[in-house]
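Let me begin by presenting the structure, written as structure tokens, before commenting on it.
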Amino acid sequence: MKNIVVALDLSGTTGPVLAQARVFATTLGAKLWLVHVAQPEPDFVGYEVGPQTVRKAVADHLHEEHREIQGHADALRAEGIDCTALLIQGATVEVILKEAADVAAELIVIGSHGHGFVKKLLLGGTSDDVVRRSRIPVLVVPVH
């Protein structure tokens, strides 16, 4: 069975990315690994907000992201697609590539927001970095 890592940022790109991943999973009989990379917990806590407040806000946000990605996985499983959802904190590109290696993925599916040249030049783009650094094929789904 083939493994496909589907990188989701849980934004407007999620629907189109899942639609493309669904086609590949159905056509190839592949297992989908939905990967959402959450931001690591902040190292610095400001003077105005106490550590407990920050921890609770981060925990609430992570629980919401977990519910959302599990919901996508549940919907795919209801369609008969083998699917596992993973929510991992860390550096986005590194986590996506590590998970792809860990599950012996043969394809990574990721969305691209299609930001302009200047923004990409200043900030870079996750999909661009994944394409440059990946050792396996990457399908970039353009979402404008």
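Under the numbering used here, the first residue of the sequence shown is numbered 45, with each subsequent residue one higher. From the three backbone atoms N, C-alpha and C, an ideal C-beta is built for every residue, glycine too.
Applying the 10 Å Cβ sphere with the 16-neighbour rule, what's the burial state of residue i?
| i | result |
| --- | --- |
| A74 | buried |
| H116 | buried |
| L72 | exposed |
| A69 | buried |
| E143 | buried |
| A101 | exposed |
| H107 | exposed |
| A145 | exposed |
| H261 | What is shown of the chain runs 45 to 188, which leaves residue 261 out entirely. |
| V67 | exposed |
| A149 | buried |
In the DSSP output, what is residue i paired with across the bridge?
| i | result |
| --- | --- |
| L76 | I48, C127 |
| S156 | P186 |
| Q64 | Paired residues: none, contrary to the question. |
| I132 | V81 |
| L151 | I48 |
Who are the Cβ neighbours of residue i in its own chain at under 8 Å, not counting the five residues just before and after it?
| i | result |
| --- | --- |
| V187 | G56, T57, P60, V61, G155, S156, H157, G158 |
| Q114 | A129 |
| L54 | H80, E109, E112, I113 |
| R177 | V137, L141 |
| L183 | Q64, F68, L151, I152, V153, I154 |
Here's a check: name, in chain order, each residue in its chain whose Cβ is nearer than 6 Å to the Cβ of residue i, leaving out the five neighbours to either side.
| i | result |
| --- | --- |
| Q83 | none |
| V50 | A65, L76, L78, V153 |
| L167 | Residue placement at L167 is flagged as unreliable, the pLDDT there being 39, under the threshold of 50; a coordinate-derived value is accordingly withheld. |
| V139 | V81, I132 |
| C127 | L76, A117, L120, R121 |
| P181 | L151 |
| K46 | L72, A74, E150 |
| V175 | V182 |
| V147 | N47, W77 |
Spatial neighbours of residue i within its chain, please: C-beta separation below 7 Å, excluding the five flanking residues on both sides.
| i | result |
| --- | --- |
| V134 | A quick correction: the sequence has Gly, not Val, at residue 134. Closer than 7 Å at Cβ, skipping near neighbours: V81, P84. |
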